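Structure, as structure tokens:
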Amino acid sequence: MSDINATSDHSSMPDTVLDLLSLDAKGPALLSVDGDVVDHETLRQEVVRLAAQLRSAGLGPKDRIAIVLPNGPEMAFVLLAAMSVGCAAPLNPKYREEEFRFYLDDLHASALLTLEGASPAAHAAAPEGTISIVVRSEGLTVDLVAPFARKSSSARPTANDHALVLHTSGTTSRPKIVPLRQRNLARSARNIASSLDLTAVDRSLNVMPLFHIHGMMAGLLAPLSAGGSVVCTPGFDAFAFHRWVDELRPSYYSAVPTMHQMVLARAPAARPTTLRFIRSSSAALPGLVLEGLRGLFDVPIMEAYGMTEASHQMSSNPLPPGQAKPGSVGVATGIEVAILDAQNSVLPHGVRGEVSVRGETIVDGYENNPSANASAFTAGWFRTGDEGMLDEDGFLFLTGRLKEQINRGGEKISPIEIDEVLLRHPAVAEAVTFAIPHDKLGEEIGAAVVLAEGQEATERELRSYLGERLAAFKVPRRIVFVVEIPKGATGKIQRIGLAEKLGV
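Going left to right, the sequence shown walks through residues 71 to 574 as the working numbering numbers them.
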């Protein structure tokens, strides 16, 4: 078991999201990709002003505030203001009407915030009585306009009030509601900032969506909590990325592995940059991609481990002069990590089991879901659903998602292992391994491959290549070639259900 606290003096730790903006930092806070800048003092003033506008619409700590905005500085302003008033519920603006209807009903949102004249699908799906608030922006100036005046709320959120509500991805069941408290987010932001040694001189190039916990915490709140700055991009753009790095001079960016792969695919020649490190989270980073990033940028590549239920980060590899371990997602950051067996016993170093966590950043439980709570929250631990092991130094090694493991006639196979080998073939640009239903074995192995530009390969050739490097039972029965691998809204590959999506 590992217990490494990012900060030992909890009396100085922030309790709410607004507390994170209470620093004396004088430099830049938010930047647009066009170079417009808001400093820390102005940011806090603007968040307080926008929060007052939300309160004037009658919203308070018990209200859920749905936000449907594209990525950018406006989204950052509105998200911070909503979390300083009540419980923000950011939604993917690309949802269709039926999806909006599900989420808005499920969340019981009191208000819906959208850009003026935008998001008709969200408005059509909003239940009767939802307060519609228009977001107007010009440059980096934002205003919130409610259709009518209500009794203004005077209540202010406390550490135990909910600040953010998100849904899990729902790949195997109905999406679960994750309500995170003010103190969960505040502690997590400071833990991340501490683990990354963030200071006022650091600048995040945030390419992750702000409706996802990864972008909110590692891209926005952590650097702001350290007095640093954030470039609020419109979202990941492989064609613009390298220009942003050169022009906006970030000290780091954090992304999912598929984004890192596209950074490499569009990379110019290696050149000096202002990057101090690169962070990867939300899925396993293939070794070949890690090596490519290190070769291109000549900076440490920080693999971290996070999930929504833990307010994002649970562990991270240390920065130099600390020693990162290849293939590991690092040591615990501000919480406890243990490996449990089926009987909730803590397993010794080197033994595989279910990765489990506890601490101040962990959600208290899923909302209105007693069965999920009974299986996920046991003996004081939150079971992540991931399989892994801890070494003698407390470094965590993930061996797969328990629900994504392929059970081929009793043989348990980690799809990540097969991905890694496929990606080392010179003709393969992207690869993902997944389960295919089988009438006798229960499950067979399938793989989807995107070929590198100008390269050719056949299914037989790739199967032969894998057969030379893996045991026969791990070689996929089917390999399909696709132009693009289906991904979720954040760029994360979802293995479960992929066979059906691809018609395999």
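C-beta atoms are modelled at their ideal positions from N, C-alpha and C, and glycine is treated no differently. Everything numeric in this text was worked out from a predicted model, so none of it was measured.
> Just to confirm, are Arg-134 and Ala-159 a CB contact at a threshold of 8 angstroms?
Replying inline: Taking 8 angstroms as the Cβ cut-off, Arg-134 and Ala-159 qualify as a contacting pair.
>> With DSSP as the reference, identify every bridge partner of Val-459, one or two as the case may be.
In response: A small correction: the amino acid at residue 459 is Met; Val does not occupy that position in the sequence shown. Phe-467.
> Taking the alpha helix (DSSP H) that Arg-125 falls in, what are its first and last residues?
Replying inline: Counting along the chain, the alpha helix (DSSP H) containing Arg-125 begins and ends at 110–126.
>> For Asp-411 and Phe-467, I'd like the C-alpha separation in whole angstroms.
In response: Roughly 16 angstroms between the two C-alpha positions.
>> For Leu-268 and Gly-298, what's the separation of their Cα atoms in angstroms?
In response: Leu-268 and Gly-298: Cα-Cα distance of roughly 7 angstroms.
>> Can you tell me which residues form a DSSP beta bridge with Arg-99?
In response: According to the sequence displayed, residue 99 carries Ala and not Arg. Note: Ala-99 sits in no beta bridge, so no partner.
> So the beta strand (DSSP E) Glu-487 belongs to, where does it begin and stop?
Replying inline: Looking at the DSSP string, Glu-487 is not in any beta strand (DSSP E); the run it does join, the alpha helix (DSSP H), is 485–492.
>> Whether or not the stretch 386–394 and the stretch 414–427 are in contact is what I'm after, with contact meaning three or more pairs of Cβ atoms, one per stretch, closer than 8 angstroms; do they touch?
In response: Contact check between the stretch 414–427 and the stretch 386–394: fewer than three CB pairs, one atom from each, fall below 8 angstroms, which does not count as touching.
>> Between which two residues does the beta strand (DSSP E) holding Ile-137 run?
In response: Start and end: 134–138.
>> Tell me the residue span of the beta strand (DSSP E) that contains Asn-162.
In response: Note, Asn-162: premise wrong, no beta strand (DSSP E); not H, not E.
> Would the stretch 373–387 and the stretch 332–345 be scored as touching if the rule is three or more Cβ pairs under 8 angstroms?
Replying inline: Not touching, per the Cβ criterion.
>> Going by the DSSP bridge assignment, what does Val-369 pair with across the sheet?
In response: Paired residues: none, contrary to the question.
> Do Thr-86 and Pro-227 have their C-beta atoms closer together than 8 angstroms?
Replying inline: In this structure, Pro-227 lies closer than 8 angstroms to Thr-86 by Cβ.
>> By DSSP's criteria, Leu-185 is part of a beta bridge. Which residues make up the other side?
In response: Its beta-bridge partners are Val-205.
>> Could you compute how far the alpha carbon of Asn-477 sits from the alpha carbon of Thr-112?
In response: Their Cα atoms are separated by approximately 55 angstroms.
> So who's on the other strand from Trp-451, going by DSSP bridges?
Replying inline: The secondary-structure analysis by DSSP pairs Trp-451 across a beta bridge with Thr-448.
> Which residues in the same chain have their Cβ closer than 6 angstroms to the Cβ of Ala-296, if we skip the five residues on either side of it in sequence?
Replying inline: Same-chain partners within the cutoff: Ala-263, Leu-268 and Thr-269.
> In chain order, what residues of the same chain lie with their CB nearer than 7 angstroms to the CB of Asp-289, ignoring the 5 residues before and after it?
Replying inline: Per the sequence presented here, residue 289 reads as Gly, with Asp not at that position. The residues are Ser-274, Asn-276, Met-278, Val-300 and Ser-324.
> Going by other Cβ atoms of all chains shown within 10 Å of its Cβ, with 16 needed for buried, is Asn-261 buried or exposed?
Replying inline: So Asn-261 ends up on the buried side.
> For Thr-378, does the three-state DSSP call read helix, strand or coil?
Replying inline: Helix, per DSSP.
> So what does DSSP say about Thr-503, is it helix, strand or coil?
Replying inline: Here DSSP, grouped into helix, strand and coil, assigns Thr-503 to strand.
> Any chance the stretch 245–258 sits against the stretch 100–114, with 3 or more Cβ pairs inside 8 angstroms?
Replying inline: Not touching, per the Cβ criterion.
> Residues bridged to Ala-517 by DSSP?
Replying inline: Under DSSP, Ala-517 takes part in a beta bridge, and its partners are Thr-503 and Ile-549.
>> Just to confirm my understanding: we take Ile-555, look at its own chain, exclude 5 residues before and 5 after, and list those with CB closer than 7 angstroms. What are they?
In response: Cβ within range, chain order: Glu-500, Val-502, Ala-518, Val-520 and Ile-563.
> Helix or strand or just coil, what does DSSP make of Glu-169?
Replying inline: The answer is helix: DSSP assigns Glu-169 an H, G or I state.
> By how many angstroms is the C-alpha of Gly-567 removed from the C-alpha of Thr-242?
Replying inline: With a pLDDT of 46 at Thr-242, under the threshold of 50, the modelled position of this residue cannot be trusted, and the question is left open.
> DSSP on Ser-274, reduced to helix/strand/coil?
Replying inline: DSSP places Ser-274 in strand when its eight states are reduced to three.
>> Run through the DSSP bridge pairs and tell me what Tyr-323 is partnered with.
In response: According to DSSP, which records beta bridges pairwise, Tyr-323 is partnered with Ile-348.
>> Once the 5 residues before and after Arg-539 are set aside, which same chain residues still bring their CB inside 8 angstroms of it?
In response: So the qualifying residues of the chain are Val-491.
>> Just verifying my parser: in three-state terms, what is the DSSP assignment at Ser-265?
In response: Ser-265: helix per DSSP, three-state reduction.
> The alpha helix (DSSP H) spanning Glu-474 covers which residue range?
Replying inline: Premise fails: Glu-474 is in no alpha helix (DSSP H) and is neither H nor E.
>> Taking its Cβ as the centre, do 16 or more other Cβ atoms sit within 10 Å of Arg-565, making it buried, or is it exposed?
In response: Buried, since its Cβ has 16 or more Cβ neighbours within 10 Å.
> Hey, would you say Tyr-165 sits closer than 8 angstroms to Ala-191, going by beta carbons?
Replying inline: Taking 8 angstroms as the Cβ cut-off, Tyr-165 and Ala-191 qualify as a contacting pair.
> Which word fits Glu-208, buried or exposed, when buried means at least 16 other C-beta atoms lie within 10 angstroms of its C-beta?
Replying inline: The residue is exposed, with fewer than 16 neighbouring Cβ atoms inside 10 Å.
>> What would DSSP say about Val-433, mapped onto helix, strand or coil?
In response: In this structure, Val-433 counts as coil in the three-state DSSP scheme.
> Excluding the five sequence neighbours on either side, which residues of its own chain have a C-beta within less than 8 angstroms of the C-beta of Lys-571, listed in chain order?
Replying inline: So the qualifying residues of the chain are Pro-556.
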